[in-house]
Structure formats: C-alpha cells, structure tokens
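Notes to accompany the following structure.
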Amino acid sequence: GAGVSQSPSNKVTEKGKDVELRCDPISGHTALYWYRQRLGQGLEFLIYFQGNSAPDKSGLPSDRFSAERTGESVSTLTIQRTQQEDSAVYLCASSLSLAPGQETQYFGPGTRLLVL
Amino acid sequence: GENVEQHPSTLSVQEGDSAVIKCTYSDSASNYFPWYKQELGKGPQLIIDIRSNVGEKKDQRIAVTLNKTAKHFSLHITETQPEDSAVYFCAASIATNAGKSTFGDGTTLTVKP
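These protein sequence lines map, in sequence, to chains A and B. Position 12 of the first sequence, counted from 1, bears residue number 129 in this note's numbering, the numbering being contiguous throughout. Position 18 of the second sequence, counted from 1, bears residue number 23 in this note's numbering, the numbering being contiguous throughout.
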C-alpha cells in the first residue's frame, strides 16, 4: 500500500512569508508525528497527534509554528513569518497507534524548506 | 527531559567487517529503543527495535543490545555490505508518552568495498 507522502518535496520562500507543509499518513494510522531535521543533525520532535486526543505540542520551537490534523487523515504544519533558521527538512511519520507493538513510525520523504 | 547521545558520529569500515554504534540515554523510565537507517534524500526507516524487558534482539545481520543499568544500547551490524552505507539514528521513548521520541544525532556509516 501507499506509504506516508509529503508535499511539497521542496519549498523555497522568502524570509517573513508563511509556508504550509502537508502530510498524508498511511491509511488507518491513528498517530501522526512531525519532526525537523537540520543539515547533518538528528531529528527534533515538534508535535504528535493521537486519534482525537489533544496533540502534544511540546516540541514546537515558537508560536510561529502550528499544526493541525483533520480526524485521522491529513495534517498540515504551518510556519508563519519564516526565518532563515527555519531552513531544514521537515519529516512526517505515522504509526498504527501508540500501543506497544504498534508504535513503529513510518516516515515520509520530507519537505526541504529553504528560507532566503 | 530525555537526552540521547550517540557515538561515533562517523564510522568507516571495510566490507565484511562489523560495525558498532552506541547510544546512551538519561531517563531511566525510557523503555522503547528503535534504530533507524536513513539513506540520502529519504526519510528514516526502522531497522530494529528493543524494549526494556529484553537484553538483546537479532535480525539476520543486525542486532541490538540494551544495558538498562548503564542506560546504554548498541547497534551491531555484522558482515557489512556497501549497501549498509547510510546514516543511522537511535531513539528512546517512554511508555507513558510513547509519541515523543528523542533521537541521537546520527552516525554516518561508510562501508568500503
């Protein structure tokens, strides 16, 4: 079946503009995660959604970052008033649930964001 | 919060040799430890994982060991092949907040033919 898809694959924007990144999880996966990966670095947790529970937003670096998820489907990560330090690859992942044995995360290919 | 340190940052081995990557974690409540392989331009892919009630797990050429007392876990790849060349990440999470994983900074493994 289809894996996690993300769009756009690449995004170049000017400092101060807003951007929206999209993630389509694997069908049936109740948990969805967003990470930021700066060049040559590890994954930095941003936010995760689990079913209808309130999302864990504890990793969002500032109030310029927000994310939404419609039910158990598509999610969008929005960055307002982009700054050059926002340049990174933004990775989305989904898993069946958070239960032991079902928490394997399947990652999308990422969106490469460059803020000029 | 949890802190995960990963070593080495780069590792170069000859084809056929073994490779070992080590991670330490700080939160003794962590109980799930996955390892991911990330190839250039792609998202990470789970290759093996281990839970805190197990000391070792193997899957063909890949094995992971966990020492809960010392709070470290290691990835072992035997009989390395050029296609094993990639960036490897360890991660740790706690059952009470399984959605929030902390990742190591990654190890770039190069297998020379």
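Yeah, the Cβ is synthetic: ideal placement off N, Cα and C, and Gly gets one too.
Checklist entry - Using the beta-carbon of each residue, which ones in chain A are nearer than 9 Å to Q50(B)? => result Start at 1 with the first residue of the second sequence, and residue 50(B) comes out as number 45. Those are Y223, F224, listed as they occur along chain A.
Checklist entry - Where DSSP assigns a beta bridge to A205(A), which residues make up the other side? => result Stepping through the first sequence from its first residue, residue 205(A) is reached at position 88. In DSSP, A205(A) forms a bridge with L230(A).
Checklist entry - Using 8 Å as the threshold, is the region 213-221 of chain A in touch with the region 190-204 of chain A, meaning 3 or more CB pairs across them? => result no
Item to check | Neighbour flag for F38(B) against chain A, beta carbons, 8 Å | outcome: By 1-based counting over the second sequence, the position of residue 38(B) is 33. So, not an interface residue.
Item to check | Same chain, Cβ closer than 7 Å to L215(A), neighbours up to 5 away in sequence not counted | outcome: The residue given as residue 215(A) occupies position 98 in the first sequence. For L215(A), where only same-chain residues beyond five positions count, the Cβ hits under 7 Å are A148, Q167.
Checklist entry - Is there at least one Cβ from chain A nearer than 8 Å to K47(B)'s Cβ? => result The residue given as residue 47(B) occupies position 42 in the second sequence. Chain A contact via Cβ: present.
Checklist entry - What is the C-beta distance between Y223(A) and I164(A), in whole angstroms, given that I count them as a contact (C-beta under 8 Å)? => result Counting from 1 along the first sequence, the entry for residue 223(A) is found at position 106. Counting from 1 along the first sequence, the entry for residue 164(A) is found at position 47. That pair is no contact at about 17 Å.
Checklist entry - Which residues of chain A have a Cβ atom closer than 7 Å to the Cβ of P106(B), listed in chain order? => result On the second sequence, residue 106(B) is found 101 positions in, with the first residue counted as 1. The sequence given here has Ser at residue 106(B), not Pro. Result: F162.
Item to check | Spatial neighbours of S124(A) in its chain, beta-carbon cut-off 6 Å, leaving aside the 5 residues before and after | outcome: As a position in the first sequence, residue 124(A) is number 7, starting the count at 1. Cβ neighbours of S124(A) beyond the five flanking positions: R139.
Item to check | Rounded Cβ spacing between Y207(A) and R155(A) (contact assumed at less than 8 Å) | outcome: The residue you call residue 207(A) lines up with position 90 of the first sequence. The residue you call residue 155(A) lines up with position 38 of the first sequence. In fact, because the Cβ distance is near 11 Å, the residues do not count as touching under 8 Å.
Item to check | Contact set between F94(B) and chain A, taken where Cβ atoms lie within less than 7 Å | outcome: Residue mapping note: residue 94(B) aligns to position 89 of the second sequence, counting from 1. Near F94(B) (Cβ distances below 7 Å), the residues of chain A are G159, L160.
Checklist entry - Curious, which full-length beta strand (DSSP E) runs of at least 3 residues does the region 118-155 of chain A contain? => result 122-124, 127-130, 136-141, 148-154
Next on the checklist: Less than 8 Å between the beta carbons of T70(B) and F78(B), yes or no?
Outcome noted: The residue you call residue 70(B) lines up with position 65 of the second sequence. The residue you call residue 78(B) lines up with position 73 of the second sequence. Yes, they are a contact pair.
Checklist entry - Hey, does D173(A) have any beta-carbon neighbour from chain B nearer than 8 Å? => result Reading the first sequence from its first residue, position 56 is the one you call residue 173(A). By this cut-off, D173(A) is an interface position.
Checklist entry - Residues in its own chain within less than 8 Å of S14(B) by CB, not counting five upstream and five downstream? => result In the second sequence, counting from the first residue as 1, residue 14(B) sits at position 9. Answer for S14(B): D110, G111, T112, T113, listed in chain order.
Next on the checklist: Can you tell me whether T187(A) is helix, strand or coil according to DSSP?
Outcome noted: Locating residue 187(A) in the first sequence gives position 70, where the first residue counts as 1. Of the three classes helix, strand and coil, the one that applies to T187(A) here is coil, per DSSP.
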